[in-house]
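Student: Sharing a structure here in structure tokens format.
In mature numbering (1 follows the signal peptide of the UniProt record, and there is no 0), the protein residues as written are -16 to -1, 1 to 327.
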């Protein structure tokens, strides 16, 4: 989701090691970095780390290690996105992957609170700035090519993540409305087969439906309101740790926080997860409740100086590079620092 400019610089990227299976109730090891971006995606390229986040034309930071120091080195796009909708200058929630020597940066364009959105992609032979080609939209919702087809006619096409398996690549995305979805990508990883989307789309998660409350300030545009109620779940990411696939979610209200009127405790952003033996689900929490039925295990929420963690991703097998003597995966995320915000 979009973030108001006055809070953008206050979001800090943090890292935590996955909790040992032998002690599921223990707290994760955490490590705050000096990287201040919203909706981070982090990749390791031969021991050099690159982070991509919300900012003018998708900002790129580089560091010699996960702990930093992080330095901004440029941007993915050299001009506004070629997709003719939303905030084209500052695309949201990028996700960057590398496959066979090509780097793919998936991004979204939209306007806050509306589902007239699109997910696009840019490609490059290198992870840094200067050689990216913007290929435009892969999927759209609200308006645009394919937006009238199921499931795009009932979702919000933002917050992309991509999972690659032996069977191919899958685009995971969604925000509010009908929740989180997955569709297969073509072999080129930059397009989908519109004719096969209906039968191959998988519904992964959905926030429990809430009662809709009409307001005199409600946006009259039908693409900017959900008559069935607000369902705050987004920022999905799938990781694999044998033998399970893990679906990570940003759950709750993101952004536009008013220091004088914060959401009720527990309604702000937090990180939840479910797992499945299949990349297509169904994903369930510890109690066996499916994430499409409102399930989701709370992994990390507000605590001490950390407020509203979310926008998460996973670096597989990277724990030893940050936490000496440990093994496992790194969960990274952004959060609002209460001390930096003056509260």
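Every residue, glycine too, gets a C-beta built ideally from N, C-alpha and C.
All of these numbers come straight from a predicted model, not from anything done at the bench.
Do residue 146 and residue 134 have their C-beta atoms within less than 8 Å of each other?
Tutor: To locate residue 146, count along the chain shown from 1; it is residue 162. To locate residue 134, count along the chain shown from 1; it is residue 150. Against a cut-off of 8 Å, the Cβ pair of residue 134 and residue 146 comes out as no contact.
Student: Within its chain, find whatever has a CB closer than 6 Å to the CB of residue 159; leave out the 5 residues flanking it on each side and keep chain order.
Tutor: The residue you call residue 159 lines up with position 175 of the chain shown. Result list for residue 159: 140, 142, 143, 218, in chain order.
Student: What is the DSSP secondary structure of residue 277, counted as helix, strand or coil?
Tutor: On the chain shown, residue 277 is found 293 positions in, with the first residue counted as 1. For residue 277, the three-state secondary structure derived from DSSP is helix.
Student: What does a CB cutoff of less than 8 Å around residue 59 pick up in its chain, not counting 5 residues either side in sequence?
Tutor: If you number the chain shown from 1, residue 59 lands on position 75. So the list reads 39, 40, 41, 42, 43, 44, 113, once near-sequence residues are dropped.
Student: Excluding the 5 residues flanking residue 18 on each side, which residues of the same chain have their C-beta closer than 7 Å to its C-beta?
Tutor: Residue numbering aside, residue 18 sits at position 34 when the chain shown is read from its first letter. Same-chain partners within the cutoff: 52, 53, 54.
Student: Can you list, in chain order, the residues of its chain with a C-beta nearer than 6 Å to that of residue 111? Leave out the 5 residues immediately preceding and following it.
Tutor: Indexing the chain shown from 1 puts residue 111 at position 127. If we look at residue 111 and ignore the five residues flanking it on each side, its Cβ neighbours are 29, 34, 87.
Student: Using DSSP's beta-bridge definition, name the partner residues of residue 102.
Tutor: Walking along the chain shown from the start, residue 102 turns up at place 118. Per DSSP, 93, 124.
Student: Which residue's Cα is closest to the Cα of residue 286: 250, 268, 279, 108?
Tutor: As a working mapping, residue 286 is identified with position 302 in the chain shown. Closest by alpha carbon: 250.
Student: On the criterion of 16 or more Cβ atoms from any shown chain inside 10 Å, does residue 163 qualify as buried, or is it exposed?
Tutor: Residue mapping note: residue 163 aligns to position 179 of the chain shown, counting from 1. Classification for residue 163: buried.
Student: Which word fits residue 270, buried or exposed, when buried means at least 16 other C-beta atoms lie within 10 angstroms of its C-beta?
Tutor: Position 286 of the chain shown, counted from the first residue, corresponds to residue 270. Answer is exposed; the Cβ neighbour count stays below 16.
Student: Kindly list the residues whose CB is nearer than 7 Å to the CB of residue 192, restricted to its own chain and excluding five residues on each side of it in sequence; keep chain order.
Tutor: Taking the first residue of the chain shown as 1, we reach residue 192 at position 208. So the list reads 278, once near-sequence residues are dropped.
Student: Run through the segment 127 to 190 for me and flag every whole beta strand (DSSP E) of 3 or more residues, listed as ranges in chain order.
Tutor: 145 to 149, 152 to 157, 164 to 168, 186 to 189
Student: Which of the three DSSP states is assigned to residue 266 in this structure?
Tutor: Locating residue 266 in the chain shown gives position 282, counting from the first residue. DSSP places residue 266 in coil when its eight states are reduced to three.
Student: Return the residue from the list 322, 246, 304, 248 that minimises the CA-CA distance to residue 31.
Tutor: Here residue 31 refers to the residue found at position 47 of the chain shown. Residue 31 has its Cα closest to that of 304, out of 322, 246, 304, 248.
Student: Hey, could you find the ends of the beta strand (DSSP E) residue 253 is sitting in?
Tutor: Against the chain shown, residue 253 aligns to sequence position 269. First-last for residue 253: undefined, no H or E at that position.
Student: May I have the straight-line CA-CA distance separating residue 215 from residue 90, to the nearest angstrom?
Tutor: Position 231 of the chain shown, counted from the start, is the residue given in the question as residue 215. Position 106 of the chain shown, counted from the start, is the residue given in the question as residue 90. Rounded to whole angstroms, residue 215 to residue 90 spans 24 Å at the Cα level.
Student: Throw me the rounded Cβ distance for the residue 69 and residue 128 pair, which I believe falls under 8 Å.
Tutor: Sequence index remark: in the chain shown, residue 69 carries index 85 (1-based). Sequence index remark: in the chain shown, residue 128 carries index 144 (1-based). Sure, about 7 Å apart at Cβ, within 8 Å.
Student: Which parts of the segment 20 to 49 are runs of the alpha helix (DSSP H), unbroken and 4 residues or longer, counting only runs that do not cross its ends?
Tutor: none
Student: Going by DSSP, what residues sit across from residue 71 in a beta bridge?
Tutor: In the chain shown, residue 71 corresponds to position 87, counting from 1. In DSSP, residue 71 forms no bridge with anything.
Student: Quick one: residues in its chain with C-beta nearer than 7 Å to the C-beta of residue 136, no 5 flanking neighbours on either side, listed in chain order?
Tutor: By 1-based counting over the chain shown, the position of residue 136 is 152. Cβ within range, chain order: 123, 124, 125, 130.
Student: According to the neighbour-count rule (16 or more other Cβ atoms, all chains shown, within 10 Å of its Cβ), is residue 106 buried or exposed?
Tutor: Working through the chain shown from its first residue, we reach residue 106 at position 122. Answer is buried; the Cβ neighbour count reaches 16.
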